[in-house]
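Q: If you're matching positions, the sequence shown starts at 2 in the working numbering and goes up one per residue. Think of the CB as a built atom: it goes at the ideal place given N, C-alpha and C, for glycine as much as any other residue.
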Amino acid sequence: MTAIALRPPEVVMRLERLGAAHPTRLSFLRQLIRRATREKWRVRKHLFDLNDNGFGRAVYAVDTPARTYSLVAFSTPLDDEKRSDRVIAQAWDTSYVLYDGLPNAAAIARLEANAPLQEAGRYTRSELVLARANKSVRLFEDVATALAQGQQPDEEQLLGVGYLLRTTAVYGNGKFGIADRDEISSRSELAGSFQAEMLTVWLIRSFTLDLVDHIAHCRNPAGAAKLAPDLRRALGVGNATGLGMAPFLVRHPLLTHSWFLARETALARVRAEPRAGEAERDAFSKALADLRERVARWHSDDSRQAAATRLLAGDLDTLAENLDRLLAKPRPWDALYRFAEDHFSLEGQEACVSLILEPHGA
Numbered sequence: 002m003t004a005i006a007l008r009p010p011e012v013v014m015r016l017e018r019l020g021a022a023h024p025t026r027l028s029f030l031r032q033l034i035r036r037a038t039r040e041k042w043r044v045r046k047h048l049f050d051l052n053d054n055g056f057g058r059a060v061y062a063v064d065t066p067a068r069t070y071s072l073v074a075f076s077t078p079l080d081d082e083k084r085s086d087r088v089i090a091q092a093w094d095t096s097y098v099l100y101d102g103l104p105n106a107a108a109i110a111r112l113e114a115n116a117p118l119q120e121a122g123r124y125t126r127s128e129l130v131l132a133r134a135n136k137s138v139r140l141f142e143d144v145a146t147a148l149a150q151g152q153q154p155d156e157e158q159l160l161g162v163g164y165l166l167r168t169t170a171v172y173g174n175g176k177f178g179i180a181d182r183d184e185i186s187s188r189s190e191l192a193g194s195f196q197a198e199m200l201t202v203w204l205i206r207s208f209t210l211d212l213v214d215h216i217a218h219c220r221n222p223a224g225a226a227k228l229a230p231d232l233r234r235a236l237g238v239g240n241a242t243g244l245g246m247a248p249f250l251v252r253h254p255l256l257t258h259s260w261f262l263a264r265e266t267a268l269a270r271v272r273a274e275p276r277a278g279e280a281e282r283d284a285f286s287k288a289l290a291d292l293r294e295r296v297a298r299w300h301s302d303d304s305r306q307a308a309a310t311r312l313l314a315g316d317l318d319t320l321a322e323n324l325d326r327l328l329a330k331p332r333p334w335d336a337l338y339r340f341a342e343d344h345f346s347l348e349g350q351e352a353c354v355s356l357i358l359e360p361h362g363a
């Protein structure tokens, strides 16, 4: 099999193209979810001690083959004038710790006194990740109100935002006295990049959805509805700013290089494949259909991003129309990539990179 060269850095490492990148099966969260599925991790609600207004504490335990991790969550009242997504904020709707093991009552009490303080708190090597998040207040209340009335929330409004809580910080790797990276780097389930942080955010998402269901039930125990499974699946966790990525990229060029090299190497290997098997074709078609459905729901108030999304939707339609012809060619994945390179916007080209990788790998 003749190799295909990697895309050159002057093509890949340009802001416009980087900004058009899509998640791939190599993305950190996707790695975590695959491992959790393969190893049959068990997630259980160990503690859910919230009052009728949704304030209190909860513990979500994750049993892996080797050990248990726990998200310890605290939901606290917050005056509107104190709610801020800025780094300098001093109070938040919710705060979290990813705990190494299953915390006992004393550990939960200690964390309850410290986690809501975030940087001002005191922590130990048992804490692997420290995080906080604020509600999307209007949407959260609209969803709770609809559910309390026995109805589902407005789908267009819900998916237009895409989350009920947004993180304002997710700290790992020894920050503020929590466990250093060396404490977990030899553990297979957390050895990959940002696996502890991704596990934390994934569990925060579960807590968020249970929180809004709980508040609705408390308002109307006899008649409240639960958020429909398809809506639960469609919701994620928001991110307030991501400002920390700027200094991170400047300070860690070798890490950035390694992550992009992994993706580009995978892309080159797949493009060199001489044919596409039936299983790969089916997986690609499903991934394309899923992406088209998601893009159709995307909404942005930014005029440039809205225009880019429209171009992407058109590119994906064109790809679907030409898919059978392209996959029948020699080196079909390379033919598909070159077609995208010649005919699609940057958004469409990078979406194709993600889609091409999807049917391949363990």
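Pairing CB atoms from the stretch 15 to 23 with CB atoms from the stretch 270 to 278, are three or more of them under 8 Å?
A: no
Q: Let me check understanding here. Comparing Cα to Cα, which of V60, F195 and A226 lies closest to Q152?
A: Here residue 152 corresponds to residue number 151 of the sequence shown, with the count starting at 1. Measuring from the Cα of Q152, the nearest candidate turns out to be A226.
Q: Any idea what DSSP makes of T168, helix, strand or coil?
A: As a first step, residue 168 is located in the sequence shown; it is residue number 167 there, counting from the start. Here T168 sits in strand by DSSP.
Q: Quick one: grab the DSSP three-state call for S207.
A: Within the sequence shown, numbered from 1, the residue matching residue 207 stands at position 206. Three-state result, S207: helix.
Q: Taking L129 and A180 to be in contact with their CB atoms under 8 Å, please state how far apart those CB atoms are, rounded to whole angstroms.
A: Position 128 of the sequence shown, counted from the first residue, corresponds to residue 129. Position 179 of the sequence shown, counted from the first residue, corresponds to residue 180. Yes, L129 and A180 are in contact; Cβ-Cβ is about 5 Å, under 8 Å.
Q: What's the gap between the Cα of R234 and the Cα of A74?
A: Position 233 of the sequence shown holds residue 234. Position 73 of the sequence shown holds residue 74. Distance between the alpha carbons of R234 and A74 is about 21 Å.
Q: Under a Cβ-count criterion, where at least 16 other Cβ atoms within 10 Å of its own Cβ denotes burial, should A110 be classed as buried or exposed?
A: The sequence position of residue 110 within the sequence shown is 109, counting from 1. By the neighbour-count rule (16 or more Cβ atoms within 10 Å), A110 is not buried but exposed.
Q: Residues in its own chain within less than 6 Å of Q196 by CB, not counting five upstream and five downstream?
A: Within the sequence shown, numbered from 1, the residue matching residue 196 stands at position 195. Result list for Q196: L33, in chain order.
Q: Please give the ranges of any beta strand (DSSP E) in the stretch 236 to 293, keeping only runs that are unbroken, at least 3 residues long and fully inside the region.
A: 237 to 240
Q: Under the three-state reduction of DSSP, which class applies to H218: helix, strand or coil?
A: Residue 218 sits at position 217 when you count from the first residue of the sequence shown. Helix at H218.
Q: From L365 to R8, what distance separates their C-alpha atoms?
A: In the structure as shown, the chain begins at 2 and stops at 363. Residue 365 is therefore absent and cannot be evaluated.
Q: Hey, could you find the ends of the beta strand (DSSP E) D64 is sitting in?
A: Translated into positions along the sequence shown, residue 64 becomes position 63. Per DSSP, D64 belongs to the beta strand (DSSP E) from G57 to D64.
Q: If you draw a straight line from the C-alpha of S346 to the C-alpha of G163, how long is it?
A: Numbered from 1 along the sequence shown, position 345 holds the residue referred to as residue 346. Numbered from 1 along the sequence shown, position 162 holds the residue referred to as residue 163. Distance between the alpha carbons of S346 and G163: 25 Å.
Q: Between H215, A280 and W42, which lies nearest to F141 when the distance is taken from Cα to Cα?
A: On the sequence shown, position 140 is the one that residue 141 refers to. Answer by Cα proximity: H215.
Q: Closer than 8 Å by C-beta to S189: which residues in its own chain qualify, once you throw out the five before and the five after it? Chain order, please.
A: Counting from 1 along the sequence shown, the entry for residue 189 is found at position 188. Around S189: A67.
Q: Which of helix, strand or coil does DSSP assign to L324?
A: Residue mapping note: residue 324 aligns to position 323 of the sequence shown, counting from 1. L324: helix per DSSP, three-state reduction.
Q: Which stretch, first to last residue, makes up the alpha helix (DSSP H) that contains A147?
A: Taking the sequence shown and counting its residues from 1, the one referred to as residue 147 is at position 146. For A147, the enclosing alpha helix (DSSP H) starts and ends at V138 to A149.
Q: Since Y97 is in the beta strand (DSSP E), which residue starts that stretch and which ends it?
A: Residue 97 sits at position 96 when you count from the first residue of the sequence shown. Residue range T95 to D101 is occupied by the beta strand (DSSP E) that includes Y97.
Q: Does the beta carbon of T69 fall short of 6 Å from some heavy atom of the ligand MN?
A: Of the ligands one can find in the structure shown there are none, so the ligand MN has no counterpart to examine.
Q: Tell whether a beta-carbon distance below 7 Å holds between V98 and L112.
A: What you label residue 98 is simply residue 97 of the sequence shown in a count that begins at 1. What you label residue 112 is simply residue 111 of the sequence shown in a count that begins at 1. Cβ atoms of V98 and L112: closer than 7 Å.
Q: For the stretch 300 to 320 and the stretch 334 to 354, state whether three or more C-beta atom pairs, one from each stretch, are separated by less than 8 Å.
A: Contact holds: three or more Cβ-Cβ distances are below 8 Å.
Q: So is R39 buried or exposed if we call it buried at 16+ other beta carbons inside 10 Å?
A: Counting from 1 along the sequence shown, the entry for residue 39 is found at position 38. R39 should be labelled exposed.
Q: Measure the alpha-carbon distance for R272 versus D335 and round it to whole angstroms.
A: Residue 272 sits at position 271 when you count from the first residue of the sequence shown. Residue 335 sits at position 334 when you count from the first residue of the sequence shown. In a straight line, the C-alpha of R272 is about 4 Å away from that of D335.
Q: Note the first and the last residue of the continuous alpha helix (DSSP H) segment covering R36.
A: Counting from one through the sequence shown, the residue named residue 36 turns up at place 35. Unbroken alpha helix (DSSP H) run through R36: F29 to R39.
Q: Taking a contact to mean a Cβ-Cβ separation below 7 Å, would you say E351 touches A22 in this structure?
A: Taking the sequence shown and counting its residues from 1, the one referred to as residue 351 is at position 350. Taking the sequence shown and counting its residues from 1, the one referred to as residue 22 is at position 21. Contact: yes.
Q: Does the distance from the C-beta atom of T69 to that of L27 stay below 7 Å?
A: Taking the first residue of the sequence shown as position 1, residue 69 is located at position 68. Taking the first residue of the sequence shown as position 1, residue 27 is located at position 26. 7 Å or more divides the Cβ of T69 from the Cβ of L27.
Q: With DSSP as the reference, label S71 as helix, strand or coil.
A: In the sequence shown, residue 71 corresponds to position 70, counting from 1. In this structure, S71 counts as strand in the three-state DSSP scheme.
Q: Can you name, in chain order, every residue of its own chain whose Cβ lies under 7 Å from the Cβ of L165, other than the five neighbours on each side?
A: Indexing the sequence shown from 1 puts residue 165 at position 164. Excluding sequence neighbours, L165 sits near K136, S137, L140, F141, V144, T209, V213 and L236.
Q: If I follow the unbroken alpha helix (DSSP H) through F49, where does it start and stop?
A: Here residue 49 is taken as the residue at index 48 of the sequence shown, counted from 1. It is not in any alpha helix (DSSP H) - F49 instead sits in the beta strand (DSSP E) that spans R43 to L51.
Q: Ends of the alpha helix (DSSP H) at D343?
A: Locating residue 343 in the sequence shown gives position 342, counting from the first residue. Looking at the DSSP string, the run of the alpha helix (DSSP H) that includes D343 is P333 to H344.
Q: May I have the straight-line CA-CA distance separating A4 from A269, to the nearest angstrom?
A: As a first step, residue 4 must be located in the sequence shown, where it is residue number 3. As a first step, residue 269 must be located in the sequence shown, where it is residue number 268. So the two alpha carbons sit approximately 8 Å from each other.
Q: Whose C-beta lies closer than 8 Å to the C-beta of K330 among residues of the same chain, with five residues either side of it excluded?
A: Locating residue 330 in the sequence shown gives position 329, where the first residue counts as 1. Excluding residues within five positions, the ones whose Cβ falls inside 8 Å are A336.
Q: Taking H361 as the reference, give the member of T310, A341, A284 and Y338 with the closest Cα.
A: Counting from one through the sequence shown, the residue named residue 361 turns up at place 360. Among T310, A341, A284 and Y338, the Cα nearest to that of H361 is on A284.
Q: Measuring CB to CB, does N359 end up less than 7 Å from A297?
A: Numbered from its first residue, the sequence shown carries residue 359 at position 358. Numbered from its first residue, the sequence shown carries residue 297 at position 296. Asn is not the amino acid found at residue 359; the sequence shown has Glu there. Cβ distance not < 7 Å, so E359 and A297 don't count as in contact.
Q: Could you tell me the boundaries of the alpha helix (DSSP H) in which I179 lies?
A: In the sequence shown, counting from the first residue as 1, residue 179 sits at position 178. Neither: I179 is in no alpha helix (DSSP H) and is coded neither H nor E.
Q: Which residues does DSSP list as the beta-bridge partners of N135?
A: Reading the sequence shown from its first residue, position 134 is the one you call residue 135. Per the DSSP secondary-structure output, N135 pairs in a beta bridge with R167.
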